[in-house]
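A quick write-up on the structure given underneath.
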Amino acid sequence: MNFSIVRTYSIAAKDMKELSKNMFVLTTAVMPFLFALMFGRQDDIPLVVHYLVINLTFASVTCFVQTALIAEEKEKKTLRSLMLSPATSTEILTGKSAVAAALTAATLVICMQITGYVPEGVYVYAGLAISLVFYLMVGLLLGLLARTLVEASVLILPVIFILGMGGLFIEFFQQYDIAAWLEYLPNFQLEYIAAAVGRGGGLADVSGYLLVITGWTVAAAVLTVAVYRKRTFIEE
Amino acid sequence: MSIIYMHQVSKYFGQEKALDGLDVEIGSGEIYGFLGPSGAGKTTTIHLLTGQMPITDGEAEVFGKPALQMKRRENLQRIGIMTEASGLYQRLTVQENLALFAKLYGVKQPKKRIDEVLELTGMQGDHKKLASKLSKGMTQRVLFARAVLHEPELLFLDEPTAALDPASSSRIHRGLKEMRERGTTIFLTTHDMQEAETLCDRVAFLDDGRVQLSDKPKLLRQAYADGTISVELKDGSAYSLQQTKDDAAKLADWIGSGRVAEVKTNLPTLGDIFIQTTGRELV
Ligand SMILES: Nc1ncnc2c1ncn2[C@@H]1O[C@H](COP(=O)(O)OP(=O)(O)OP(=O)(O)O)[C@@H](O)[C@H]1O
Ligand SMILES: [Mg+2]
């Protein structure tokens, strides 16, 4: 397979240009900033709040940008033209993921400036990196399932509320049995990594969490590839 | 070698049959017109030939390879496609839309080539317009420009002139004929009989899931002619003559005395022939 940087870059540049004019997506992507400004300006911010902002960034920027880019290509009937061009699926998806990842990085850096959080330790960075891939995959999956940008914005809501803002609601579920299960979601696992590292924990203390996030990522990737394979044909 | 070869191709959507025993063979540098009523399976045939759907049964080959292989990069580079399922990036300009695909196809001298296709489609003046601001006909012209941008060997066009005014249509017809001169093979569907007659080297009537009749438009029209000859005289009177000795003498007499204004054989339109062979309206 000959992967072409030129093609990938052309697609990414095109997506960036379109995105910069897409108010609908931009207003969703601004949510983490609002949270950072609202909750992140006192002294002594608890880890929960830092990770609320980080997870929200993954949900409303990483995941949603990816979903929106793909759903809109379907709505405007450009995805098929793209797939009928010599650009491979890998190039198309890499281009889009690069855009979503770049916007994620920019958002995280700015939000961390506001909240004053500095991720420390290789395990935290590993957790963030695997989470990034996970949300890119979920974004891709939702983009393939949505037919229009509006549908995409509906499908993203559970992701934003459960994965993005889960930290806000977990207290509420604490009294139910379900809470024990919710903790296995990748957003909480990510927070636990940071908490463990903060307590001075080593690989033995975080490997479980990293594995769970990796598991989610692999599952999302498998599902996404299966759906994508089907979508390279016209639906019958 | 034929560029497109379909032998007894069938396509079912669930229980519903769209194509059933389709035979098509198209040679290099031919403009082939696919005619048939709505729902006959014209677009489906393009989808099959471009590898966007698997066939249910039979053989379908493009460039001598199974049609499903058209999804491969090296084959996609050789074909151009414009169907009703094609769209433009709404937040980009015409120029930006074309420039992206020029990059994807690796077009050499993209600027020059983009100018050429803009000129070909009469869109030179509008290249800075946002795609979202284009009229239906303009959108269609840009989609056409994009389909031919990389000078494909084989072009699939699904009703390329459906939303176009006569001037734009004839511009595109001229473009297609030029491409044929350079060896491009063109597979197009149309509901426009005039287009089929003037543009296509060969037409096929699609009905009931298969090709009912296929030939050069001129030959079809001659074959289905009733043999009568229309004559109009300078005094305005009109006659329909049979090809008999008596009528020949009549015509000779009129010609001899300089009274004839117009003589023509009565050829049926392709639409007439379609009704005659399938019992169905074409449009
Ligand atoms: N993806 C699909 N899934 C299910 N059925 C389909 C699909 N595509 C086409 N069909 C069916 O196949 C038949 C042929 O459709 P097709 O679009 O090929 O017709 P057409 O000749 O292009 O018509 P038109 O002139 O209206 O464009 C129709 O009955 C249609 O409902
Ligand atoms: Mg059609």
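Line by line, the protein sequences give chains X and E.
Each residue of the first sequence is one higher than the last, beginning at 19 in the working numbering.
Each residue of the second sequence is one higher than the last, beginning at 14 in the working numbering.
Think of the CB as a built atom: it goes at the ideal place given N, C-alpha and C, for glycine as much as any other residue.
Taken atom to atom, the span from the alpha-carbon of Lys-231(E) to that of Ile-127(E) is near 36 Å. Counting only the Cα atoms, Thr-278(E) lies some 44 Å from Leu-147(E). When secondary structure is reduced to three states using DSSP, Thr-203(E) falls in the strand class.
Note on the region 58 to 127 of chain E: whole beta strand (DSSP E) runs with a minimum of 3 residues are 70 to 75 and 92 to 95, in chain order. Leaving aside the five residues that flank Glu-93(X) on each side, the residues in its chain whose CB is nearer than 7 Å to its CB run, in chain order, Arg-165, Thr-166 and Leu-167. When 7 Å is used as the limit between beta carbons, Leu-117(E) is near these residues of chain X: Arg-25, Ser-28, Ser-103, Pro-104 and Ala-105, in chain order. Chain E has a Cβ within less than 8 Å of the Cβ of Asn-40(X). Classified as buried, Ala-115(E) has 16 or more neighbouring CB atoms from the shown chains inside 10 Å of its CB. Linking Phe-82(X) to Ser-171(X) through their CA atoms gives a straight-line distance of about 8 Å. Note on geometry: alpha-carbon atoms of Leu-186(X) and Leu-70(X) lie some 7 Å from one another.
Collapsing the DSSP output to three states places Gln-255(E) in coil.
Residue pairing by DSSP puts Tyr-18(E) in a beta bridge opposite Glu-38(E) and Glu-74(E). Its chain contains Glu-209, Ala-212, Ala-213 and Gly-216 as the residues whose beta carbon lies nearer than 8 Å to that of Leu-65(X), once the 5 sequence neighbours on both sides are disregarded; these appear in chain order. Taking 8 Å as the cut-off between beta carbons, none of the residues of the region 230 to 248 of chain X comes near chain E.
A check of alpha carbon separations from Met-95(E) across Met-136(E), Phe-169(E) and Leu-48(E) identifies Phe-169(E) as the nearest. Taking all protein chains in view, the Cβ of Glu-208(E) is crowded by 16 or more other Cβ atoms within 10 Å, so the residue is classified as buried.
These are the residues, in chain order, with a beta carbon less than 6 Å from any non-hydrogen atom of ligand 2: Lys-55(E), Thr-56(E) and Asp-171(E). Less than 8 Å separates the beta-carbon of Asp-178(E) from that of Gly-150(E). Fewer than three pairs of CB atoms, one per stretch, sit closer than 8 Å, so the region 80 to 98 of chain E makes no contact with the region 26 to 39 of chain E. Under the 10 Å beta carbon count, Met-56(X) is surrounded by fewer than 16 other beta carbons and is classified as exposed. Comparing C-alpha distances from Val-120(E) to each of Glu-109(X), Thr-250(X), Pro-104(X) and Gly-145(X) shows the shortest one belongs to Pro-104(X). If the five residues before and after Glu-138(X) are omitted, its C-beta is found closer than 7 Å to the C-beta atoms of Val-215, all from its own chain and listed in chain order.
Close to Ile-252(X), with beta-carbon spacing below 7 Å, are these residues of chain E in chain order: His-60, Gln-65 and Met-66. From the beta-carbon of Arg-165(X), no residue of chain E is found nearer than 8 Å; the closest lies around 13 Å away. Neighbourhood of Ala-98(E) in chain X, by CB distance below 9 Å: Lys-95, Arg-98, Ser-99 and Ile-252, in chain order. In the three-state scheme derived from DSSP, where H, G and I count as helix and E and B as strand, Arg-154(E) is classed as helix. Val-136(X) and Leu-200(X) have their C-alpha atoms spaced approximately 26 Å apart. Per the coordinates, the alpha-carbon of Pro-173(E) lies some 8 Å from the alpha-carbon of Arg-154(E). Between Val-161(E) and Met-136(E), the gap from beta carbon to beta carbon reaches 8 Å or more. By the CB criterion at 8 Å, Ile-242(E) and Gln-256(E) fall inside the cutoff. For Leu-241(X), the enclosing alpha helix (DSSP H) covers residues 221 to 249. Per DSSP, reduced to three states, the secondary structure at Tyr-25(E) is strand. The contact set of Glu-201(X) on chain E, defined by CB atoms closer than 8 Å, is empty, because the minimum CB distance reaches about 41 Å.
For the set Ala-144(E), Asp-214(E), His-60(E) and Asp-70(E), the Cα lying nearest the Cα of Ile-252(X) is the one of His-60(E).
With its beta carbon less than 8 Å from one in chain E, Glu-36(X) belongs to the interface. In the displayed model, Val-48(X) falls within coil according to three-state DSSP, outside both helix and strand.
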